[in-house]
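Colleague: Pasting a structure here, questions to come.
Numbering (my numbering), first residue to last: 432 to 601.
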C-alpha cells in the first residue's frame, strides 16, 4: 500500500498552510509504540510523520494530535469503569481520536496498514464498528472541517494506492 500525502491534502483543501503543519520524528513515533507496547499501523505512522503535532484546523474539536493522544486509552478504561459499561477492550488498541463527552475512536493494531475504526461512546452500550478505515476517517475530517476550500467543490478519497480528487461542482 502506498503512503497517503497527508500534507498535500491539508494544504490543497485550505485546512492548513505548509508552515502550520508539523509532524513527529520517527524516534517520537517509536517512543509512542514503546509506551503503548504496540506497533502502530503504517498509514497512521505516515499521518503522525506528516502532521501529528499540528494539522492546521483539522479535527479542531477533537483530540487527534500528539501529545494529546497519549493517555487516551487510560481515560477510556477509567470511563468504562466509572460508568460501569459492559465493554471488554482488546489489549492491542490505539485510541486515535477523542471528543469531549466520552467519545473515543480507536483501531486495533494487528498489522493492517489502514485499519478500520471502532467507537466507544459513553451514551451507548458496546463497541460500534465505524465502518470506515483510518484513511476514510481522515478524509471525513477533511470534508467536514470548517472553512475548507473543498467543502463545496472537491472530495478527497483513497483508492488503495493514491489520493483521488473528485470535482463535485464547477
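Glycine included, C-beta positions come from ideal geometry on N, C-alpha and C.
1. Considering Cα atoms alone, identify which of 544, 450, 506 is closest to residue 470.
2. Report back the beta-carbon spacing between residue 493 and residue 485 to the nearest angstrom; my notes put them in contact at under 8 angstroms.
3. Measure from the alpha carbon of residue 535 to the alpha carbon of each residue in 547, 524, 459, 552, then state which is nearest.
4. Pull up the DSSP beta-bridge partners for residue 548, would you.
5. In whole angstroms, give me the CA-to-CA distance for residue 586 and residue 572.
6. Indicate the three-state DSSP secondary structure (helix, strand or coil) for residue 465 in the structure shown.
7. Quick one: grab the DSSP three-state call for residue 485.
8. Using the Cα positions of residue 444 and residue 508, report the straight-line distance between them to the nearest angstrom.
9. Could you tell me whether the Cβ atoms of residue 451 and residue 487 are closer together than 7 angstroms?
10. Determine whether the beta carbon atoms of residue 501 and residue 576 lie at a separation below 7 angstroms.
11. Given a threshold of 16 other Cβ atoms within 10 Å of its Cβ, counted over all protein chains shown, does residue 581 qualify as buried or as exposed?
Modeller: On the basis of the coordinates in this document:
1. 544
2. Actually they do not touch by this definition, with Cβ atoms about 14 angstroms apart.
3. 552
4. 538
5. 11 angstroms
6. helix
7. strand
8. 36 angstroms
9. yes
10. no
11. Reliability of the predicted coordinates at residue 581 is poor, the pLDDT of 48 falling under 50, and no value is obtained from them.
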